[in-house]
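Here's the structure we're looking at; comments come further down.
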Amino acid sequence: MFRTNSQGFNGPQQNTFGFLEKHLSTFHSFPKLPAELREMIWKEACRDERTVTVFSSDRVLDAEHTKGHGDLPFFTFRSLNSIPGVLHADRESRFIGMKIYMPVFDTRSEFPLVTEMSDRTAPSIWINPSTDIICPMTSMIDDQPEALSKKMCDAKVERIALNDCSFQRSASIPCDKWGTFSSQSSPFWMNEHIREVTIYTSRYLVAPDDDIELTKFDRRVAYPPKFMKSKLEIARRMNLAFANLQKVLKKQLLEDEKNKKLGQDCEIIDDCPQWLFDSRGIWKKPEQREMAANLANSVTIFGR
117 MFRTNSQGFN
127 GPQQNTFGFL
137 EKHLSTFHSF
147 PKLPAELREM
157 IWKEACRDER
167 TVTVFSSDRV
177 LDAEHTKGHG
187 DLPFFTFRSL
197 NSIPGVLHAD
207 RESRFIGMKI
217 YMPVFDTRSE
227 FPLVTEMSDR
237 TAPSIWINPS
247 TDIICPMTSM
257 IDDQPEALSK
267 KMCDAKVERI
277 ALNDCSFQRS
287 ASIPCDKWGT
297 FSSQSSPFWM
307 NEHIREVTIY
317 TSRYLVAPDD
327 DIELTKFDRR
337 VAYPPKFMKS
347 KLEIARRMNL
357 AFANLQKVLK
367 KQLLEDEKNK
377 KLGQDCEIID
387 DCPQWLFDSR
397 GIWKKPEQRE
407 MAANLANSVT
417 IFGR
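Here the sequence shown stands for residues 117 to 420, where the numbers follow the working numbering.
Okay, structure coming up:
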């Protein structure tokens, strides 16, 4: 019998998935469909947009497990999101899903000694890097944001969502580096793969390990004036940062043309990030979205 699972979907998707669940859960003939059609259905299921929250968790490997090295502190990246249903519906769906979803954000390279003695630094978050919206939560300290940013780049994550409190730097909310926008440099998390940046607002303080879903931000809703003022400032700063990247790209392309006319190799200019230089022929400014955050109905924390 065909089984479905709506966990991990946002509100509108859950409504759609609920309809499918009602009818497909009794579709006993699904296994009799042609293999090509079943594969098409499973692949389509893998394209559903999910908001995947990611937070850091400080851990300790007890001395009894470290072969004389004492207690070993380390951190992992974790998520409240369920493992995609396609990966555990049945053997066929898992085989197809494993080609699209990937386990990401391990901390093996950061903690080789812990990795040698346990599997607690292994990846435990499954994503589709093309469709899932990765939402780093405001729980990261020291070099954790940069570590996650590099792993997002390695996984070729295309969509990122940031809490606007990271930009507000409110004294009442613990924030980190995700809100850093400078007119002189690109955000540290920016790379050639990012094609969409979402800034989300919530009416409540989002805890680091909250599971959220993103919905359309309606300016007609009576948000307090301070919310609207901060959102306008955030939008201005983000636009300024991306405008600066576009200016740098234009300068780099002009320099390339100059060098070509002189028969010289193209060289990176001082202001150009390496990733922008490497992708200067194809990079486009990311799409920008404003969304509202609401608590999602989560079930289990995945990650050891």
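Beta carbons: idealized from backbone N, C-alpha and C, even for Gly.
Ignore the nearest five residues each way along the sequence and tell me which others in residue 309's own chain have a CB closer than 7 Å to its CB.
Within the same chain, residue 309 has close Cβ partners 269, 272, 273 and 274.
Rounded to the nearest angstrom, what separates residue 240 and residue 361 at their Cα positions?
In a straight line, the C-alpha of residue 240 is about 34 Å away from that of residue 361.
Looking only at C-alpha atoms, which of 245, 257 and 365 sits nearest to residue 191?
For the residues 245, 257 and 365, the minimum Cα distance to residue 191 belongs to 257.
Cβ of residue 244 within 9 Å of Cβ of residue 329?
The answer is no: Cβ separation not under 9 Å.
With H, G and I counted as helix, E and B as strand and the rest as coil, what does DSSP make of residue 405?
The answer is strand: DSSP assigns residue 405 an E or B state.
Can you give me the C-alpha to C-alpha distance between residue 217 and residue 200, rounded to a whole angstrom?
Near 8 Å, if we compare the C-alpha coordinates of residue 200 and residue 217.
Where residue 338 and residue 351 are concerned, what is the direct C-alpha to C-alpha distance, given to the nearest angstrom?
Because the pLDDT of residue 338 is 49, which lies under 50, any placement of that residue in the model is unreliable, and the number read from its coordinates should be weighed accordingly. For residue 338 and residue 351, the distance between alpha carbons rounds to 19 Å.
Below 8 Å CB to CB, which residues in the same chain sit around residue 406 once its five sequence neighbours on both sides are set aside?
Taken in chain order, the residues that qualify are 314, 315, 316, 317, 333, 347 and 351.
State buried or exposed for residue 375, treating a residue as buried only when at least 16 other CB atoms are found within 10 Å of its CB.
Exposed, by the Cβ-count rule.
Run through the segment 211 to 248 for me and flag every whole beta strand (DSSP E) of 3 or more residues, listed as ranges in chain order.
List check, beta strand (DSSP E) in window: 218 to 220 and 241 to 243.
Put residue 282 into one of helix, strand or coil per three-state DSSP.
Correct three-state label for residue 282: helix.
Less than 9 Å separating the beta-carbons of residue 58 and residue 193?
Because the chain here runs from 117 to 420, residue 58 falls outside it and cannot be looked at.
In chain order, what residues of the same chain have a beta carbon less than 6 Å from the beta carbon of residue 295, not counting five sequence neighbours either side?
Excluding sequence neighbours, residue 295 sits near 282 and 283.
With a threshold of 8 Å, establish whether the CB of residue 412 neighbours any heavy atom of the ligand FMN.
This structure does not include the ligand FMN; it has no bound ligands of any sort.
Out of 157, 388 and 379, point me to the one whose CA is closest to residue 202's CA.
Ranking 157, 388 and 379 by Cα distance to residue 202 puts 157 first.
Indicate the three-state DSSP secondary structure (helix, strand or coil) for residue 202 in the structure shown.
Here residue 202 sits in helix by DSSP.
Alpha carbon to alpha carbon, how far is residue 288 from residue 195?
With a pLDDT of 48 at residue 288, under the threshold of 50, the modelled position of that residue is not reliable, and the figure given next carries that caveat. Each residue's alpha carbon lies about 24 Å from the other.
Where does residue 173 fall in DSSP's three states?
DSSP places residue 173 in strand when its eight states are reduced to three.
How many angstroms separate the CA atom of residue 276 from the CA atom of residue 225?
So the alpha carbons of these two residues sit roughly 23 Å apart.
Just to confirm before moving on: does the CB-CB distance between residue 247 and residue 165 stay below 9 Å?
Taking 9 Å as the Cβ cut-off, residue 247 and residue 165 qualify as a contacting pair.
DSSP on residue 312, reduced to helix/strand/coil?
Reduced to three states, the DSSP call for residue 312 is strand.
By alpha-carbon positions, which one of 235, 278 and 356 ends up nearest to residue 181?
Answer by Cα proximity: 235.
Since residue 266 is in the alpha helix (DSSP H), which residue starts that stretch and which ends it?
Counting along the chain, the alpha helix (DSSP H) containing residue 266 begins and ends at 260 to 270.
Whole angstroms are fine: how far does the CA of residue 412 sit from the CA of residue 153?
Whole-angstrom Cα-Cα distance: 32 Å.
Assign residue 303 to one of two classes, buried (16 or more other C-beta atoms within 10 Å of its C-beta) or exposed (fewer than that).
Residue 303 should be labelled buried.
Would you say residue 278 and residue 230 are within 9 Å of each other, going by their C-beta atoms?
No, Cβ-Cβ distance for residue 278 and residue 230 is not below 9 Å.
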